[in-house]
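Novice:
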Amino acid sequence: MVNRGLTRRDIVAGSGVAAASLAVTMSSPASLAQAGGSARLIGQPLPDAVRLSPTPARPQRPDSVGIAVVGLGGYALNQMMPRFAQSERAHIAAVVSGNPDKLRRVGDAFGVLTNARYSYDAFEKIASDKRIDAVYIVLPTGLHAECAIRAFAAGKHVLCEKPMALSSADCERMIAAASKARRKLMIAYRSHFEPYNLEAMKLMRERAIGTVRLFRTEQSYRMGPTSPAENWRTSRALAGGGPLEDYGIYGLQAALYLTGEMPERISATAFQPSGDPRFTEIFAHVSSQWLFPSGAVAQLATSYDSAGTNFAQVRGTDGALIMDPATSYAGQKMRIEGRDGRELTPGNPDVQFARQLDHFAAAIRDATPIRTPGEMGLRDLRLMEAIYASAKSGRTVNLASDGRMLG
Ligand code: NDP
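Here it is as C-alpha cells:
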C-alpha cells in the first residue's frame, strides 16, 4: 500500500515518515539475514587494540539520561563510551556484555557500579533498575532487532546503532514495539549531528550549486583475511549482504539528505567472488544507480575489497560540492567548486558523538522530535532491499515514495 499523501521530499526530510510507516504491511521481502547462519548473543574477548583508560562518564545534571551500553566491542569502547564524558545530558548507567572479564574491566574503567553490570542472560533485570532510562545497542546488526524489542519490553528507550536491522520487517517490528511501549527509538546516524554534513545539507537546501544533477559516493576498504566464523561482518546472519549495510549506508544516507529526494528507480550490481573465505556469505562489492523524480542521478558504490575511500560529490547546474572524506569520525574535508568556489571548515567533527547522545536525551526528557527515528532506519532498509532485489534479478526496480518496491 502506497501512502499517497507524502511526497518523496517529505520522506527524505523525515517529516511524515512515522505516518508512512503506519501504513506498512508486514509482507516485506525475505531478509538476507534469514538466508543462513545463526544470530546469537555471544561475548567476545577485549580487542587487543583497546586500551582502557579511566574515563568516568558521570551525570552532568540531575535529569541526565542513564544509558545501558549493550555490547562492549570496538565501536562502543573506542568511540562512544569515551564520548559520554562530553555529553551534557546522558551518562553510562550500566553495561551489558557476554564476557564477564570485560564487564569487570570496562565497568571499572567507566565507573559503572558493580550491581549495574549485566550479562545477556540477565538483561531482563534492567526493567527494575531505575538508574537505566535507555539502552544503547552496539551489537552486530543481526542482533539489533531482538535486543531492541527486549529493551522496549523492559520499559526502556532505545538508541540503536546503524544499520537499524537486516530487514524492513525487523525494522517494522522494532517500531511497533517502541510504539506499544510508548518509548523512543532513535537510530545512531551520527552524520546528522556532524558539522560538515549538517553544513552540506544546509548548502544543498540553499541551492549553493544550483539544481542537483549528479551525485556520486563510495565507501570502501580492503578487509584482511577472515571468515564468518572469525568475524561477524562476513556472516550473512549477522551482517546481511556486507559492505552496503556496514559502510555503504553512509553513502545511501548522503544520497538522500544531499539531494533532498527519494529515488523512484534503482538498478544495482552485487559481486560475490568464489573461493575467498571473506566472501562465502557476503558480497565483496555492491553498486547501484538511482534516478530521482527531478531527473538527478546517483551512483553509489561500496566495497570490502578495494583500497579505502569515503567520499561524496554532488554536481549541480552551477558548481559542485565535494566531501572527501565525507562521513569519518574525524578529518572531514569539504569544498565548493564553481562560481563561489571555496574550502569549508564548519566545525569539529568530533562533536558528532556527544551531540547525538544529547539529542536522544532531549527527546526523552523534553519530548522533542527525533531527527533520525526508527522510520528513517526502516526507509533505508527498504532501499537496501531494493538494491539487492535489482542485483538479484538484473532488472530495474521501481519504488514508491516511501522506498517500498512497486510491482
Ligand atoms: P564489534 O565486533 O567490535 O563488537 C560487537 C560486540 O557485540 C562484541 O564485542 C560483543 O560484545 C557483542 N556480541 C554479542 N554477540 C555477538 C556475536 N554473536 N558476535 C560478535 N559480537 C557479539 O563490532 P562493532 O563495535 O564494530 O559494531 C557494533 C555495531 O556498531 C554494529 O551495528 C555496527 O554497524 C555499528 N557501528 C557503527 C559505527 C558508527 O560509526 N556509527 C562504527 C562501527 C560500528 P561483548 O563481548 O561485550 O558481549
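Residues 1188 to 1594 (the working numbering) make up the sequence shown, in order. C-beta: ideal position from N, C-alpha, C; glycine also. Here the structure is a predicted model, which is why all the values come from computation and not from measurement.
#1: Per DSSP, Pro1560 forms a beta bridge with which residues?
#2: Check Tyr1305 in the structure and name its three-state DSSP category.
#3: Express the C-alpha separation of Pro1232 and Tyr1437 in angstroms, rounding to a whole number.
#4: Between the Cα of Val1484 and those of Arg1420, Ser1515, Leu1445, Trp1419, spot the shortest distance and give me the residue it belongs to.
#5: Which of the three DSSP states is assigned to Leu1531 in this structure?
#6: Pull up the CB-CB distance for Gly1427 and Thr1328, whole angstroms please, since I reckon it's below 8 Å.
#7: I need the DSSP call for Val1293, collapsed to helix, strand or coil.
#8: Is the stretch 1378-1395 touching the stretch 1412-1428 in the sense that three or more CB pairs, one from each, lie closer than 8 Å?
#9: Quick check on Ile1396: does DSSP put it in helix, strand or coil?
#10: Can you grab the Cα-Cα spacing for the pair Tyr1516 / Pro1536, in whole Å?
#11: What residue range does the alpha helix (DSSP H) around Tyr1444 cover?
#12: Check whether the Cβ atoms of Ala1573 and Ile1453 sit closer than 8 Å, and answer yes or no.
#13: How many angstroms separate the CA atom of Ala1387 from the CA atom of His1546?
#14: What are the start and end residues of each continuous alpha helix (DSSP H) run of 4 or more residues lying completely inside the stretch 1485-1555, in chain order?
#15: Taking the straight line between their C-alpha atoms, what separation do you get for Pro1241 and Phe1297?
#16: Under the DSSP definition of a beta bridge, which residues are partnered with Thr1404?
#17: Report yes if the CB atom of Ala1277 is closer than 8 Å to the CB atom of Asp1316, and no otherwise.
#18: So what's Leu1568 in DSSP terms, helix, strand or just coil?
#19: Kindly indicate the opening and closing residues of the beta strand (DSSP E) around Phe1597.
#20: So Glu1405 packs on Ala1488, CB below 8 Å; how close in whole Å?
#21: How is Ser1202 classed by DSSP in three states: helix, strand or coil?
#22: Should Pro1415 be labelled buried (16 or more other beta-carbon atoms within 10 Å of its own) or exposed?
#23: May I ask you to check if the CB of Gly1261 is nearer than 7 Å to at least one heavy atom of the ligand NDP?
#24: Excluding the 5 residues flanking Ala1471 on each side, which residues of the same chain have their C-beta closer than 8 Å to its C-beta?
#25: Use the C-beta contact count for Glu1468: other C-beta atoms within 10 angstroms, 16 or more gives buried, fewer gives exposed.
#26: My output table needs one value for Ser1315: the three-state DSSP class, helix, strand or coil.
#27: Counting only runs of 4+ residues fully inside the stretch 1334-1383, write out the alpha helix (DSSP H) ranges in chain order.
#28: May I have the straight-line CA-CA distance separating Lys1579 from Ala1338, to the nearest angstrom?
#29: Thinking Tyr1376 and Met1510 are a contact (beta carbons under 8 Å), I'd like their distance in whole angstroms, please.
Specialist: The structure says:
#1: Met1373
#2: strand
#3: 28 Å
#4: Leu1445
#5: strand
#6: 7 Å
#7: helix
#8: no
#9: coil
#10: 7 Å
#11: 1436-1446
#12: yes
#13: 20 Å
#14: 1538-1553
#15: 6 Å
#16: Leu1487, Ala1499
#17: no
#18: helix
#19: Outside the displayed span of the chain (1188 to 1594) sits residue 1597, for which this structure offers no information.
#20: 5 Å
#21: Since pLDDT at Ser1202 reaches only 42, below the 50 mark, its modelled position is unreliable, and no value is offered.
#22: buried
#23: yes
#24: Gly1429, Pro1430, Phe1458, Gln1459, Pro1460, Asp1463, Arg1465, Ser1490, Tyr1491, Asp1492
#25: buried
#26: helix
#27: 1355-1368
#28: 35 Å
#29: With a Cβ gap of about 16 Å, Tyr1376 and Met1510 do not count as contacting.
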